[in-house]
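Heads up, the thing below is written out as structure tokens.
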Amino acid sequence: MTTIIFSGGNITSDAGAILFSSFLGASRLFDSFALLPFQDERKDPVHTCHDILAQLVFKVLLGYFNQSDQSVLDRDPLFDFDAASQSTVSRFFQHALPSLNNAFHELLQKTAMDHLDRVDHDLILDADSTCIETSGKQEGVAYIPHYKTTGLHPLLINEYYSKLLVASSLRYGNTYSSNGTIELLDQVFAHLEPAFSRAILFRGDSAFYSTKLMDYLEDLPCPVHYFIRCKHFGKLVQACQDDMMDKGIEFTAYSQTNPYYGELSYPFGNKTRRVVYKAYQTMDKDGQLSLIPEIYAIMTDVDWTPRNTMRFYEQRGNSENYTKELKDDFGAGKLSQKTFMANELNFLIKGFAYNVYHLFLHKAVRKMRVVFIMRMNTFRKAFIKVGGKVIKHARRKTLCMSSAYPRQEQFDQLYKNIQFE
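Under numbering that gives the first Met the number 0, residues 0 to 420 are what the sequence shown spells out, in order.
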């Protein structure tokens with residue numbers, strides 16, 4: 000018979016947290032929290048607001064999303080800091096004000112753009128909106144027809160190659176999907192170095208099909224090329240069908256796996272713009288072939304071949320997985336604060352943790368391909384949620400892990416990479 004006890008001494012279930020704590024110590028990403036404009040009227044607080052914010056980001060990295068999980072930081076022998084209590088964390092969100100949230104969002108952007116200013120690849124900015132679950136009576140919650148549920152409706156912009164969140168805006172549920180895009184892009188471009196010379200490409204779904212947005216992108220000092228899915232308007236569909244007829248293309252010869260790729264000039268707004276489309280015959284569930292082609296079109300200002308243009312746009316689907324990672328792996332998919340400002344601050348905390356993880360991958364894991372492509376939940380299972388015994392002697396701490404741990408070499412390499420970063 001096996002006896003189970005929970006008083007085995009200085010044992011941690013998050014031994015891999017040493018990787019994140021070492022990286023944060025080396026990168027000093029939390030140092031900038033001291034510049035945030037907290038309006039803290041407490042006298043001689045045990046925990047400053049900047050310290051609490053750092054603890055909340057670190058807790059999200061470990062996979063603890065609830066305020067009740069705060070005791071984990073306090074009781075785990077691996078962590079040296081004095082963790083704030085659950086009630087202190089609850090009161091922390093009372094500090095959420097527009098000035099603080101705006102400053103924190105700018106810090107999130109600057110952290111991402113500082114990294115992107117140093118890389119040598121083109122920038123691909125993917126815009127997307129999503130739905131955030133809420134519960135009870137929360138400020139700003141409304142029914143979102145596209146998702147057929149109630150909640151909040153944030154707008155996110157990710158950089159495709161790095162996966163970094165370069166801008167985000169938590170919005171009321173009744174906000175249209177693309178509202179605020181130009182304002183967010185203004186903030187992103189403000190962080191680019193003046194000598195920035197690489198190509199910038201913007202992708203968005205049909206919610207971003209707007210002459211105002213396209214005119215804005217075309218008129219920027221540093222041109223930003225766009226790939227935006229067209230709304231399925233009958234006039235545009237007919238124009239694509241007429242283009243195929245004029246060229247003698249029989250759509251019945253093409254299928255979804257082998258579509259026809261075409262292009263045409265189409266008046267939109269105050270100018271004529273290029274439309275790239277693919278067309279094919281479909282079959283319904285009863286096996287009946289369609290009599291008209293299925294049309295899928297995007298508007299763009301680049302002159303690539305129709306096939307390459309369409310394939311480039313369709314890679315945008317990967318960025319939607321980045322949004323899923325933020326929501327599922329970092330707890331941003333559900334917000335429970337009563338006020339909108341508090342929910343916005345909580346959303347930014349989880350977005351900042353998301354960026355910390357991907358900066359960690361780029362700086363410490365890039366040459367370890369198998370690890371580099373891991374989503375956060377997979378990385379946690381493999382490297383963070385590991386048992387270990389903590390031995391403290393004088394000023395020295397030793398972390399003992401199981402000799403049966405299957406990823407010993409990878410873990411050791413990760414730790415060494417951080418030390419030499």
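Glycine included, C-beta positions come from ideal geometry on N, C-alpha and C.
Restricting attention to Met309, Val389, Arg395 and Lys415, the CA atom closest to the CA of arginine 74 is found in Val389. The bridge partners DSSP lists for tyrosine 260 are Lys277. Counted as a single uninterrupted DSSP element, the alpha helix (DSSP H) harbouring arginine 306 occupies residues 305-313. Judged by DSSP in its simplified three-state form, alanine 252 adopts helix. Selection Met375, Gln407, Arg368 and Ala352 evaluated against leucine 55 yields Ala352 as nearest (Cα-Cα).
For methionine 400, the enclosing beta strand (DSSP E) begins and ends at 395-400.
Secondary structure remark: continuous beta strand (DSSP E) runs of at least 3 residues inside the segment 126-172, in chain order: 141-143, 148-150, 154-158 and 164-168. Three or more Cβ pairs closer than 8 Å define a contact, and the segment 174-185 meets that threshold against the segment 195-206. The C-beta distance from histidine 46 to threonine 87 rounds to 6 Å, short enough to meet the 8 Å contact threshold.
In terms of CA proximity to lysine 277, Pro258 leads the group Pro258, Asp127 and Phe80. The C-alpha of glycine 8 lies about 38 Å from the C-alpha of leucine 35. Only residues of its own chain outside the window of five on either side were considered, and among them Ile227, Arg228, Cys229, Lys230 and Met298 have a CB closer than 8 Å to the CB of tyrosine 208, listed in chain order. A contact is defined here as three or more CB-CB pairs under 8 Å, and the segment 367-378 meets this definition with respect to the segment 326-343. Within the DSSP secondary-structure output, glutamate 343 pairs in no beta bridge. At a Cβ-Cβ threshold of 9 Å, proline 76 and isoleucine 10 count as neighbours. By the CB criterion at 9 Å, glycine 261 and aspartate 242 fall inside the cutoff.
For isoleucine 383, the closest C-alpha among the options Met0, Ser21, Ser6 and Phe5 is that of Ser21. Beta-bridge partners of valine 223 (DSSP): Ile199. Secondary structure of histidine 392 (DSSP, three-state): strand.
Contact between the segment 111-125 and the segment 147-164 is present, with at least three C-beta pairs closer than 8 Å.
Across the structure, glutamate 217 and arginine 197 are spaced so that their CA atoms are roughly 16 Å apart.
When rounded, the separation of the alpha-carbon atoms in leucine 52 and phenylalanine 37 is 11 Å. Distance from the CA of leucine 23 to the CA of aspartate 302, rounded to the nearest whole angstrom, comes to 43 Å.
Residue nearest to asparagine 269 within the set Tyr253, Thr210, Cys239 and Glu324 is Thr210 (criterion: CA-CA distance).
If only complete runs of 4 or more residues are kept, the segment 24-106 shows the alpha helix (DSSP H) at 48-61, 69-74 and 85-91, in order along the chain. Assigned with DSSP and collapsed to three states, arginine 228 falls in strand. If you draw a straight line from the Cα of alanine 166 to the Cα of valine 355, it is about 14 Å long.
Here the alpha carbon of leucine 358 sits roughly 30 Å from the alpha carbon of alanine 403.
Restricting attention to Leu99, Glu313, Ile131 and Glu192, the CA atom closest to the CA of threonine 174 is found in Ile131. By the criterion of a C-beta distance shorter than 7 Å, leucine 60 is surrounded in its chain by Phe19, Ala352, Val355 and Tyr356, once the five residues flanking it on both sides are discounted.
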